[in-house]
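Trainee: First the structure, which I've put down as structure tokens, then a few questions once you've had a look.
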Amino acid sequence: ESLIIVRDKRAEICGFYNVCRHRGSRLIENRKGQLSAAIQCPYHAWTYGLDGRLLGAPHMDDVLGFNKADYSLRPVNVALWEGFIFVNLAEAGALTSILSQRERRKQDGFVSLEDWFAPLAGKFARWNLPALLSARRIKYDVRANWKLIFQNYSECYHCLGVHPELSKISPHDSAENDLIEGPFLGGFMRIAKGRSLTMSGNACALGIADSSRAHDRARNRNPSQEIENDYDHEHEQDGKNRVFYYSIFPNMLMSLHPDYVMVHQLEPQSPE
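Mapping of the sequence shown onto the working numbering: position 63 corresponds to residue 75, and the numbering continues sequentially without gaps.
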């Protein structure tokens with residue numbers, strides 16, 4: 013489906029099918045950009061507000077029984093979670109069935125993202141995801157069943173042979189499952205103390221978190237004092253020696269590193 017996701021005049025995020033209610037023409041062709049105060053169909057110039065209401069339809073006021081209120085854009089259900097916009101295309105009836113199966117709280121027949129992701133509440137607060145800026149976006153094609161990509165991302169059994177550089181920094185056997193309840197799975201892997209990776213892909217001895225509070229305090233200590241325990245304990249407590257990996261069904265993959273976050277979004281071309 014082609015959708016329009018916009019902010020209305022109240023800065024609320026809205027979602028609509030990208031289809032004019034008159035003759036089904038596509039309203040917007042660009043994948044992203046800014047709109048003026050309205051959305052106008054390029055075919056017969058029907059004009060909609062950013063809240064989806066039909067504002068104008070040339071010569072239709074003379075049509076008997078025509079009411080602009082009956083021809084708003086078809087909405088889709090949208091919600092925010094950690095700065096990400098989620099869209100649910102399911103009808104209320106179908107979602108009600110899903111909720112009854114999972115014993116989730118019903119809200120007008122739909123489950124809220126707050127409830128759906130309740131086990132993850134506050135888990136990513138240190139990264140302040142809604143405030144992060146996108147540094148780069150890469151799009152590429154993978155000739156594979158998209159579900160295998162999801163599966164591959166959810167384990168590191170393959171890492172020692174396929175990603176030897178990564179295994180030096182984050183040993184494949186350092187992983188722990190975090191949460192397995194809900195529409196996601198994953199956990200974290202530990203970063204080996206004193207290990208990092210250069211832009212060339214070579215391992216080096218300077219660790220990612222070596223400029224942390226524990227390291228700073230070491231400058232004021234007697235050189236003979238042992239700081240290894242402080243390093244391990246402090247970084248274990250604040251998560252700076254961990255990389256978190258989450259596969260969020262059906263098509264979102266996240267890795268949260270000490271100094272950046274990476275997100276993969278799968279766009280299947282077919283069921284397989």
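A virtual CB, placed ideally from N, CA and C, is assigned to each residue, including glycine.
Note that this is a predicted model, so its numbers are computed, not measured.
Would you please state the rounded distance, in angstroms, between the beta carbons of residue 265 and residue 256? I believe it to be under 8 Å.
Mentor: Walking along the sequence shown from the start, residue 265 turns up at place 253. Walking along the sequence shown from the start, residue 256 turns up at place 244. Not quite, the Cβ-Cβ distance comes to about 12 Å (not below 8 Å), so this is no contact.
Trainee: Just how far apart, CA to CA, sit residue 18 and residue 200?
Mentor: Reading the sequence shown from its first residue, position 6 is the one you call residue 18. Reading the sequence shown from its first residue, position 188 is the one you call residue 200. Going from the Cα of residue 18 to the Cα of residue 200 covers about 34 Å.
Trainee: Does the stretch 25-41 come into contact with the stretch 83-102, if we say contact requires no fewer than three beta-carbon pairs (one atom in each stretch) closer than 8 Å?
Mentor: Enough Cβ pairs lie closer than 8 Å, so yes.
Trainee: Compare the beta carbon distance of residue 197 and residue 259 with 8 Å and say whether it is the shorter of the two.
Mentor: Sequence index remark: in the sequence shown, residue 197 carries index 185 (1-based). Sequence index remark: in the sequence shown, residue 259 carries index 247 (1-based). For residue 197 and residue 259, yes; Cβs fall inside 8 Å.
Trainee: When the Cα atoms are used, what is the spatial distance from residue 14 to residue 273?
Mentor: In the sequence shown, counting from the first residue as 1, residue 14 sits at position 2. In the sequence shown, counting from the first residue as 1, residue 273 sits at position 261. Each residue's alpha carbon lies about 28 Å from the other.
Trainee: Would a C-beta distance cut-off of 8 Å place residue 131 and residue 188 closer than the cut-off?
Mentor: Counting from 1 along the sequence shown, the entry for residue 131 is found at position 119. Counting from 1 along the sequence shown, the entry for residue 188 is found at position 176. No, the Cβ-Cβ distance between residue 131 and residue 188 is not below 8 Å.
Trainee: Does DSSP put residue 32 in a helix, in a strand, or in coil?
Mentor: As a working note, residue 32 is residue 20 in the sequence shown. Residue state, collapsed to three classes: coil.
Trainee: Can you check DSSP and say which residues form a bridge with residue 255?
Mentor: The residue labelled residue 255 in the question sits at position 243 within the sequence shown. Its beta-bridge partners are 201.
Trainee: Among the residues of its own chain, which have a CB less than 8 Å from the CB of residue 179, if the five just before and after it don't count?
Mentor: Within the sequence shown, the letter at position 167 stands for residue 179. Hits under 8 Å: 171, 172.
Trainee: Short of 7 Å in beta carbon distance, which residues of its chain neighbour residue 298, apart from the five on each side in sequence? Order them along the chain.
Mentor: It is not possible to answer for residue 298, since the shown part of the chain is limited to 13 through 284.
Trainee: If you draw a straight line from the alpha carbon of residue 278 to that of residue 39, how long is it in whole angstroms?
Mentor: Here residue 278 corresponds to residue number 266 of the sequence shown, with the count starting at 1. Here residue 39 corresponds to residue number 27 of the sequence shown, with the count starting at 1. Each residue's alpha carbon lies about 25 Å from the other.
Trainee: Straight-line CA distance for residue 101 to residue 146?
Mentor: Taking the sequence shown and counting its residues from 1, the one referred to as residue 101 is at position 89. Taking the sequence shown and counting its residues from 1, the one referred to as residue 146 is at position 134. Near 26 Å, if we compare the C-alpha coordinates of residue 146 and residue 101.
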